[in-house]
Structure formats: structure tokens, C-alpha cells
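A.B. asks: Residue numbers (the numbering used here): 1 to 204.
Ideal Cβ placement from N, Cα and C applies to all residues, glycine included.
Quantities reported herein were computed from a predicted structural model and do not represent experimental measurements.
The following block contains the structure, expressed as C-alpha cells.
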């Protein structure tokens, strides 16, 4: 982060979502609704997806946001998020998307998690989301959100995306994928990171 008073996003700003994931685009469209921010995805702009070579959620979010801001000349928001499973030592973690492979085979990735946990009684897991906002001049701001819960099996629900069908947040009997979108968006790891981002960066 550079400068004593980092800028906020003004109403009317065009913001690049540094993602090719349509599920994330829909989620951020909903989260940013009402702020006068026009969201366009990196995929819509034809921007390449940078290789995620960092060793942390924060590093990968910054890498993606900076690449999109530089390529587009617009402020860019990137999310790096993943599912961390206690019995797997925090895996898949930053490799959550890669566990699904190039074809985004999340049913296969969920089955891999289930098989790897095996008979371990510890089903605790957590989702992490780190948001990074980058301006073309190199200014960066990052925000983290986390939600704890349990791994469910078999997968349940048709809402959401990614690993949502096997994650039951604390205090719930439903998986993320069984919750209406608005309800999940109110409590998710991404919503918690977004709340910090909203307070610091969006028009009041």
C-alpha cells in the first residue's frame, strides 16, 4: 500500500474483477450492487489469467489484481480463496482450484477430499478469502475473511459453486450449496472480506 490516504472507489468507477470464474462474477455483481460500480471481468476484457505462483492467498490475490490493473488501466479487484481441511493439514488451501484441474472438475475434487479424510473423525474445515484491490499506479489494499465449519458427505445442494456442496458453516445444518444465494453471501468468507473492503474502499 502506498500513500498516507489510499483512494476509495467513486460511484461511476469501472472496476475489473480479476477472474474468469462466472460464479465469482455473479457473486461480486450482487455484492457491489447499489454502489454505482460497474464490474467487468478479466475474461470479458480478454485478459490472460496469470499463473498463481505465490505461496499464500494474499500473494496470489495481489498477483492477479496487479496484472489486471496494469493490463486494463483500471482499478482491479482480485479474490484468492480456498477450502482448508484440518485433517489434511490445511489442504487443498491455495491449491483449491488446482485440485479441480483444468476442466474445473469440482465433483472430482470433492471426492478426493472425502477419500483423503478417510475415517478421520476431525471434519473441521474453513474457507479463507483474501481480496486485493490494485490501482494502475501500484497502490494495493488487502482484506481477509474466514468462516469455519465442517466437511459434509455426500455433497448436498445445487446453489453456489466450487466446494460449496460439502461445506457446512458453524451453526448450520445446510451446506453453502443448500442456502439461497443472498443468505450465503451474507455470511460467507468472501462476504466477511468484502465487509472490510466495503468499509475502506467503497462510497459511503
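Please name the residue, chosen from 129, 120, 124 and 45, that lies closest to residue 191 on a Cα-to-Cα basis.
C.D. replies: The residue labelled residue 191 in the question sits at position 191 within the chain shown. Closest by alpha carbon: 129.
A.B. asks: Would the segment 39-55 count as touching the segment 7-27 if we require 3 or more Cβ pairs under 8 Å?
C.D. replies: The segment 39-55, when compared against the segment 7-27, does touch it at the 8 Å Cβ threshold.
A.B. asks: By the 10 Å Cβ neighbour count, where 16 or more other Cβ atoms means buried, how is residue 189 classified, buried or exposed?
C.D. replies: The count along the chain shown starts at 1 and reaches residue 189 at position 189. Flag for residue 189 reads buried.
A.B. asks: For residue 164, I'd like the list of residues in its chain whose CB is within less than 6 Å of its CB, leaving aside the five on either flank, ordered along the chain.
C.D. replies: Here residue 164 refers to the residue found at position 164 of the chain shown. Contacts found: 176 and 177.
A.B. asks: Measure the CB-CB distance between residue 154 and residue 73 and report whether it falls below 8 Å.
C.D. replies: Walking along the chain shown from the start, residue 154 turns up at place 154. Walking along the chain shown from the start, residue 73 turns up at place 73. In this structure, residue 73 does not lie closer than 8 Å to residue 154 by Cβ.
A.B. asks: I'd like the list of long-range same chain contacts for residue 31, defined as Cβ closer than 6 Å, with 5 residues on each side in sequence excluded.
C.D. replies: Here residue 31 is taken as the residue at index 31 of the chain shown, counted from 1. Correct list, in chain order: 194.
A.B. asks: Among the residues of its own chain, which have a CB less than 7 Å from the CB of residue 116, if the five just before and after it don't count?
C.D. replies: The residue given as residue 116 occupies position 116 in the chain shown. Only 88 meet the Cβ criterion.
A.B. asks: Beta-carbon within less than 7 Å of residue 160's beta-carbon, same chain only, minus the 5 sequence neighbours each way: which residues are those?
C.D. replies: Translated into the one-based positions of the chain shown, residue 160 becomes position 160. So the qualifying residues of the chain are 176, 177 and 184.
A.B. asks: Could you please give the first and the last residue of the uninterrupted beta strand (DSSP E) stretch that includes residue 169?
C.D. replies: Against the chain shown, residue 169 aligns to sequence position 169. Here the beta strand (DSSP E) through residue 169 covers 167-169.
A.B. asks: Quick check: residue 45 and residue 54, are their CB atoms within less than 8 Å of each other?
C.D. replies: Walking along the chain shown from the start, residue 45 turns up at place 45. Walking along the chain shown from the start, residue 54 turns up at place 54. The answer is no: Cβ separation not under 8 Å.
A.B. asks: What does a CB cutoff of less than 6 Å around residue 29 pick up in its chain, not counting 5 residues either side in sequence?
C.D. replies: Within the chain shown, residue 29 is the residue found at index 29, counting from 1. 39.
A.B. asks: In the DSSP assignment, what residue or residues form a beta bridge with residue 126?
C.D. replies: Counted from its first residue, the chain shown places residue 126 at position 126. Residue 126 pairs with 84 and 148.
A.B. asks: Between 79, 36 and 13, which lies nearest to residue 23 when the distance is taken from Cα to Cα?
C.D. replies: Here residue 23 refers to the residue found at position 23 when the chain shown is read from its first residue. Answer by Cα proximity: 79.
A.B. asks: For residue 25, report the span of its alpha helix (DSSP H) as first-last.
C.D. replies: To locate residue 25, count along the chain shown from 1; it is residue 25. Residue 25 -> alpha helix (DSSP H) spans 22-32.
A.B. asks: Would you identify the three-state DSSP class for residue 107, choosing helix, strand or coil?
C.D. replies: Residue numbering aside, residue 107 sits at position 107 when the chain shown is read from its first letter. Helix.
A.B. asks: Would you report the Cα separation of residue 65 and residue 33, rounded to the nearest angstrom?
C.D. replies: Position 65 of the chain shown holds residue 65. Position 33 of the chain shown holds residue 33. Roughly 20 Å between the two C-alpha positions.
A.B. asks: Can you tell me whether residue 198 is helix, strand or coil according to DSSP?
C.D. replies: Your numbering for residue 198 matches position 198 in the chain shown. Residue 198: helix per DSSP, three-state reduction.
A.B. asks: Would you list the one or two residues that DSSP bridges to residue 40?
C.D. replies: Residue numbering aside, residue 40 sits at position 40 when the chain shown is read from its first letter. For residue 40, which the question treats as bridged, DSSP gives the partners 16.
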